[in-house]
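Remarks on the structure that follows.
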Amino acid sequence: MGSFSVFDSLIATIIFLNLFQTVFAQGNKYATDDLLSIGKPGSRDWLAATQKASAFVAQLNLTEKASLVTGASLIGACVGNIAPIERLGFPGLCISDGPTAVNRFDLVSVFPSGMTASSSWDRDLMYQRGLLLGAEFKAKGTHVGLGPVAGPLGRHPLGGRNWEGFSSDPYLTGIAMKSTIHGMQDAGVQSCSKHFIGNEQETQRSNTVNPDGTIIEAISSNIDDRTLHELYLWPFADAVKAGTSSVMCSYNRVNETYSCENSELLTGLLKSELGFEGYVMSDYFATHSGVKSINAGLDMNMPGSLDLSDIETGKSYFGGNVTQAVTNGSVSMERLDDMVRRIMTPYFLLGQDKDYPTVDPSAYFVLATTYGMSLPNELPARDVRGNHSAFIRTLGAAGIVLLKNINSTLPLKAPMNIGVFGNDAPDPTDGLTWPDSETRTGFEFGTLDVGGGSGSGRHTTLVSPLEAIKARAMLSGARVQYLTSNEIIAANDLTSIYPSPDVCLVFLKTFSQEGYDRLSFEADWNSTLVVNNIAASCPNTVVITHSAGVNTMPWATNPNVTAILAGHYPGEESGNSIADILWGDINPSGRLPYTIPADEADYDIPVVDLTAVTDPNAWQSNFTEGLMIDYRHFDTQNITPLYEFGYGLSYTTFHLSSSLEITHHSSSNNPLPFPDPSCPIAPGGNTDLFTTILSASITVSNTGGMAGATVVQIYVSLPQNSTPPGTPVKVLRGFEKVMLQPREARDVIFELTRRDLSFWDVKEQKWRIPGGNIGISVGFSSRDLKQEKEIKLL
Ligand SMILES: *[C@@H]1O[C@H](CO)[C@@H](O)[C@H](O)[C@H]1NC(C)=O
Ligand SMILES: *[C@@H]1O[C@H](CO)[C@@H](O)[C@H](O)[C@H]1NC(C)=O
Ligand SMILES: *[C@@H]1O[C@H](CO)[C@@H](O)[C@H](O)[C@H]1NC(C)=O
Ligand SMILES: *[C@@H]1O[C@H](CO)[C@@H](O)[C@H](O)[C@H]1NC(C)=O
Ligand SMILES: *[C@@H]1O[C@H](CO)[C@@H](O)[C@H](O)[C@H]1NC(C)=O
Ligand SMILES: *[C@@H]1O[C@H](CO)[C@@H](O)[C@H](O)[C@H]1NC(C)=O
Ligand SMILES: *[C@@H]1O[C@H](CO)[C@@H](O)[C@H](O)[C@H]1NC(C)=O
Ligand SMILES: *[C@@H]1O[C@H](CO)[C@@H](O)[C@H](O)[C@H]1NC(C)=O
Ligand SMILES: *[C@@H]1O[C@H](CO)[C@@H](O)[C@H](O)[C@H]1NC(C)=O
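Per mature numbering (1 follows the signal peptide of the UniProt record, and there is no 0): the sequence shown = residues -25 to -1, 1 to 769.
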């Protein structure tokens, strides 16, 4: 299945009072976002678009309807294509990967990855990222951008696609989904929220065929109802509420039924409980049936053909089979009309029927790379990058997390002799497009700014750390010595370095790509030996990681390692982003969106990996840990992490006032949300779930000497004795990034909704606020909680 991996895929009001400002989180920010974003589901725009879509459907004959729900690989140059209907002036749809760049097109920007965006904990930057990425999709003539990613959520720290998504915390991922979707769709491009659902491992994500012809089915994620609601479905609810145009069903099975033909998931949860009004698109070759999938809720089959080998024949579970199924009555005409209406509504909503750019000629690169077709001689691509590199540099820096900084190592104090080490520091030697790699460590020499697979991007420019550091050094006449062969450093041959640098910057990388899960917690290429050998002779060693996510850092407590920065995948301005932080032009403000363990054994949910399987149903993954992933697991087991979820340092210091004030709004006397008709289902679910139940306010101040931003976080602890077993110690339910000048203070107000204070009651099939005392704590990380209070709502 390796060949498949090329597919797929606030502060509303800031009251300025000079030194004293108020920052409203959550509730009011929603209001701002809703104003910013066009065509909110349920709005008048959405209704008008649905009417236009209905009128369009009324003009179609059966063949045309079948064509609109079936990908047609050879009709267009995009990774997914819906054929035009010329007599109605419909140009068809172009659908493109991915969440980080307009993948496989030329002259596009490579943005910071999803996990880098979530490490910024900055809603505005997340929105901007979606907006600029969306602008590039549109300028390339792509109607649908395949992203953002809420699945994998990150159950497995070594999950191969975690970097494409945001965080193993559903609340943080939900905010990132919403902000990205609003950005993309404000730019006029359809978002496709993926992968729905339980796509937590890449290993056996799709079915395979044994040499004897036996079909071995894909991994089955067996997830209980409460876990599904409180973890994996949560960010998809936010995506639906934000108005995502489409949702992509995933490769894997859930409870032994393929996601794309799972009616519990598609019709039960997504379309009924969450009120999703857009369309469900299959992941590429994730459709395994026609009538069954359609009646389960699948609206669009991509890329259309049965298999990679059927691209030319056009054989499909949909297509001609849809026509036949409607004719013989196994699919109703109403259902087919519903599918087409769902597909056409976002097209009209976003104004894609008017003056939409044509598909950029460089899309033929897809045909060449995916289907092995010969490349046209000339690819006169349109350059759609604009000035996006300035933003990419900013977000790249905002996503860097300062984990350690002793002896005031950073920011650098004008060193005159700088050492740069490690194979992640220089320009790549293997070209600027990351090839799919079965080695799982990618290419040896060159900086890593984005992962591989469908979520990657084609670089036009890439600034390496070594290049950016040399440019800085030139300004002060400093000397830069470098050694970028990990093999030489691992062999401890440092003879070329003389005299000893004032500071040694060691760059490590951890590759990851679609289709494969990572094999190691440590960074690649002998990283531990590399750090230890440098640190042995350099008492001022700074380690910078460019990584797909969770790493162990066996060298973190080495006293000669004076600073550590987790840089994630920062995108094409990588070197400039890290230089801005090292030299202190930008004060680091990133926070970990996951937990870094002291020991890899502290994470105990391995990827299922079987060998020589003959039982077609052998691949099973029981999510028996329930809600206990990432920090929930560390909290419940009382394990001390190396660096906890939500953690990150700054070059300045912050203080939280002792006056945590909680206001309980009157609307919360009912443990269950009001049902229809007063609070109907709207996109996102029962509308009462989003009623504000309480507000919490606290004052944060900058007590250091440098301007900087911090992230104030609020956690909710539901009582163990009035909730079912398996309730986490605490869960994130709000955060706010606050920029403060030295000695400046601001009030931060969090507004918590009914959903924020509830658990999923499986018997009642509703969110329920428990009786008893609910703990509310506010602090700077999941383990640095400064103020705690208890409140009884019922
Ligand atoms: C449907 O319309 C198309 C033109 O878009 C035409 O070629 C086709 O014959 C029509 N099919 C039927 C069944 O009327
Ligand atoms: C999967 O099975 C579990 C255990 O029976 C059940 O709680 C859950 O609701 C099922 N989910 C779906 C989507 O079928
Ligand atoms: C209909 O689907 C079957 C597989 O179920 C496939 O073999 C056949 O070729 C399809 N027909 C068309 C017209 O695509
Ligand atoms: C109707 O057509 C579909 C698609 O070809 C086929 O899968 C199904 O078996 C047919 N049903 C009947 C009752 O003929
Ligand atoms: C990029 O250009 C746009 C308009 O073309 C402008 O509004 C924006 O401020 C510029 N951004 C940066 C970071 O220079
Ligand atoms: C760093 O500080 C520690 C104690 O704070 C000290 O023992 C050590 O020598 C310092 N290292 C350097 C390189 O200054
Ligand atoms: C790690 O270092 C050892 C010893 O120098 C070397 O043999 C090995 O090839 C290195 N491995 C990698 C992945 O670089
Ligand atoms: C730290 O650096 C000093 C000075 O170079 C060296 O003597 C010592 O062994 C180093 N310690 C470690 C743990 O590498
Ligand atoms: C998963 O759960 C099922 C049902 O409880 C059980 O039969 C099966 O053995 C479990 N599989 C694994 C690999 O634990």
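Ideal placement from N, C-alpha and C gives every residue a C-beta, glycine not left out.
The stretch 528 to 543 makes no contact with the stretch 143 to 153, as fewer than three CB pairs between them are under 8 Å.
In chain order, the residues that have a beta carbon nearer than 5 Å to some heavy atom of ligand 2 are Asp199, Asp200, Asn230 and Glu239. The shortest C-alpha to C-alpha distance from Ser88 to any of Pro74, Phe31, Asn78 and Ala365 is the one to Pro74. Here the alpha carbons of Glu419 and Phe340 stand approximately 25 Å from one another.
Bridge partners of Trp742 according to DSSP: Trp735.
When distances are taken from the beta-carbon of Tyr322 to the heavy atoms of ligand 3, even the shortest one reaches 7 Å or more.
Look at the stretch 213 to 245 and you find these whole runs of beta strand (DSSP E), each 3 residues long or longer: 221 to 224.
Counting C-beta pairs closer than 8 Å gives three or more between the stretch 558 to 568 and the stretch 77 to 96, which meets the contact rule. Taking the Cα positions, Val44 is about 5 Å away from Met275. Per DSSP, the beta bridge partners of Tyr690 are Leu707 and Ser752.
From the listed residues Tyr622, Asn748 and Ile70, the smallest Cα separation to Ser692 is found for Asn748. Burial of Ser280 is indicated by the presence of at least 16 other C-beta atoms within 10 angstroms of its C-beta.
Val83 is positioned such that its CB atom lies closer than 8 Å to that of Val359. When the five nearest sequence neighbours on each side are left out, the beta carbons in the same chain lying within less than 8 Å of the beta carbon of Leu147 are those of Ser93, Trp96, Phe141, Pro568, Leu707 and Phe710, in order along the chain. A Cβ-Cβ contact shorter than 8 Å links Gly490 with Gly135. A distance criterion of 7 Å places the beta-carbon of Ala372 beyond contact range of ligand 5, judged by its closest non-hydrogen atom.
Close CB contacts of Pro66 within its chain, under the 6 Å cut and outside five residues either way in sequence, are with Pro59 (chain order).
A heavy atom of ligand 5 is found nearer than 7 Å to the CB of Gly361. For Val395, the closest of Asp187, Val54, Leu483 and Leu664 by C-alpha to C-alpha distance is Leu483. Under the 8 Å Cβ criterion, the stretch 244 to 253 counts as touching the stretch 213 to 226, having at least three qualifying pairs.
Nearest C-alpha to Ala52 among Thr537, Ile539, Thr117 and Gly326: Thr117. Shown here for Thr384: same chain residues with a beta carbon closer than 8 Å to its own, the five before and five after excluded, namely Val478, Asn515, Val517, Thr537 and Ala538 in chain order.
Contact annotation, Leu245 with Val222: C-beta distance approximately 6 Å; criterion of less than 8 Å satisfied. Spatial neighbours of Ile604 in its own chain (CB-CB distance under 8 Å, excluding positions within 5 residues in sequence) are listed in chain order as Leu128, Gly129, Arg130, Ser143, Leu206 and Ile580. Non-local beta-carbon contacts of Trp209 in its own chain, meaning distances under 6 Å to residues more than five positions away in sequence, involve Pro145 and Gly149 in chain order.
Ala593 and Glu175 have their C-alpha atoms some 17 Å from each other. If you check the C-beta of Val266 against ligand 4, you find a heavy atom less than 7 Å away. In this structure Asp663 is not in contact with Ala372, their Cβ atoms being roughly 40 Å apart against a cut-off of 8 Å. Residues of the same chain with a CB within less than 8 Å of the CB of Val506, apart from the 5 flanking positions on each side, are Val481, Leu483, Thr516, Val518, Trp530, Asn533 and Val536 in chain order. Shown here, Gly67 sits in coil according to DSSP, grouped into three states, outside any helix or strand. If the five residues before and after Phe211 are omitted, its C-beta is found closer than 8 Å to the C-beta atoms of Ala125, Gly126, Met152, Ser168, Phe171, Ile172, Val222, Leu245 and Leu249, all from its own chain and listed in chain order. Looking at Ser672, Phe598, Arg357 and Gly680, the one whose alpha-carbon comes closest to that of Val753 is Ser672. Collapsing the DSSP output to three states places Val297 in a helix. The beta carbon of Ala510 sits closer than 7 Å to at least one heavy atom of ligand 8. If you look at Lys445, you'll find it in the alpha helix (DSSP H) that goes Pro440 to Ser451. In this structure, Leu37 has its CB closer than 7 Å to one or more heavy atoms of ligand 1.
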